[in-house]
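If you read the sequence shown in our numbering, its first letter stands for residue 24, the second for the next number, and so on.
The structure under discussion appears below in the form of structure tokens.
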Amino acid sequence: MSATLWVRALLRLRYKRFAVSRRVSQIHEEML
């Protein structure tokens, strides 16, 4: 497995986690 693919996958996972956390915070704001 090449290093570039590994880094790309890692960044994709981090971006997904960031998007999910941001969506959850938006839902909490709407609930309040």
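For every residue, glycine included, the Cβ atom is placed at its ideal position computed from N, Cα and C.
- Determine whether the Cβ of W29 lies closer than 7 angstroms to any Cβ atom of chain B. The structure shown contains no chain B, having only a single protein chain.
- Message: Measuring only the C-alpha atoms, how far is V47 from L28?
- Response: 29 angstroms
- For S44, which of helix, strand or coil comes out of DSSP? helix
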